[in-house]
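Participant: When the letters of the sequence shown are read in order and numbered with the numbering used here, they come out as residues 20 to 244.
Ideal Cβ placement from N, Cα and C applies to all residues, glycine included.
Just so you know, these numbers come straight off a predicted model, no measurement behind them.
I have a structure here, written as structure tokens, and I will follow up with some questions on it.
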Amino acid sequence: MFSSRAFDNRLVNVPEQSIPPFLEEPKSIKDSVINNSRLDGRDQVTPRLLFIKTGLVDKAHGSAYLEQGKIKISCAVYGPRPVVKAGAVISATTGPSICLHMFPKSSIDVYVTVIESDGRLATIAAAIKCATIALVDASIDMFDVVTCVSASLFNNSWVIDCTQAEENEEDSSILLSYMVSSQEITNVIQTGKTSIELSQNGLNLCVDVGSKIYQAMCQYLSKSL
């Protein structure tokens, strides 16, 4: 016989107590790592498998591709090569040509704007020539006009005043600034590997071409002043 507590026609017959079904909770990532059973099956000290491939970027000095699990990395290296700051080069190049003793406790500011560029060193060479002409135009006392020439080496041949596309393929390069009257080199920047003989050939070529450019610069200045 059932008691009224155990059975009531007015109520839906349900157990007095309910027990929720047991569902296994998924392990958290943190717990998996702590318990040395990571979700991808590795233990704490096992890295993901690596895939490495080199030499994929033709124009770079070095390149690599790496996969590590879902990670994919591509890297290209250009260098080592010296950092050429155009402003510092122009200052160092034109400085020796200026009669600085005539301007004690004074500064001379030269601002160069590159409207369009085609060749890194060739653009710097053009900026140096433009700066020295502007100094003459400003009636700054100078020892001489500075001419500047850039050259790029391809195999065993030096090529003068290269475009950017040409510079991208060069083996070595020279940027030479020269005062013809005093036969004084005010600045030289050389990059890349080459022999002493080839370097000397490149310097001689830059001096020869620079002398011709110097004549053209002086011819213009004599007419304009």
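Who are the Cβ neighbours of residue 201 in its own chain at under 8 Å, not counting the five residues just before and after it?
Facilitator: Contacts found: 162 and 163.
Participant: Using 8 Å as the Cβ pair cut-off and three pairs as the minimum, do the region 179 to 188 and the region 203 to 215 touch?
Facilitator: Flag = no, the region 179 to 188 and the region 203 to 215 do not touch.
Participant: Where does residue 197 land, buried or exposed, given buried means 16+ other C-beta within 10 angstroms?
Facilitator: With 16 or more Cβ atoms within 10 Å of its Cβ, residue 197 is classed as buried.
Participant: Rank 167, 217, 192 and 210 by C-alpha distance to the C-alpha of residue 233 and give the top, closest one.
Facilitator: Nearest of 167, 217, 192 and 210 to residue 233, Cα basis: 167.
Participant: Around the Cβ of residue 141, are there at least 16 other Cβ atoms within 10 angstroms (buried) or fewer (exposed)?
Facilitator: Buried, because 16 or more other Cβ atoms sit within 10 Å of the Cβ of residue 141.
Participant: Can you check the region 166 to 200 for any beta strand (DSSP E) of at least 3 residues that lies completely inside it and give the ranges in chain order?
Facilitator: You should have 176 to 179 and 191 to 198.
Participant: Do residue 149 and residue 195 have their C-beta atoms within less than 7 Å of each other?
Facilitator: Not a contact, by the Cβ cut-off of 7 Å.
Participant: Under the three-state reduction of DSSP, which class applies to residue 239: helix, strand or coil?
Facilitator: Residue 239 falls in the helix class under three-state DSSP.
Participant: Can you check whether the CB of residue 221 is closer than 7 Å to the CB of residue 184?
Facilitator: No, the Cβ-Cβ distance between residue 184 and residue 221 is not below 7 Å.
Participant: Just to confirm before moving on: does the CB-CB distance between residue 213 and residue 172 stay below 7 Å?
Facilitator: In this structure, residue 172 lies closer than 7 Å to residue 213 by Cβ.
Participant: Assign residue 106 to buried or exposed, taking buried as 16 or more other Cβ atoms, counted over all protein chains shown, within 10 Å of its Cβ.
Facilitator: Residue 106 should be labelled exposed.
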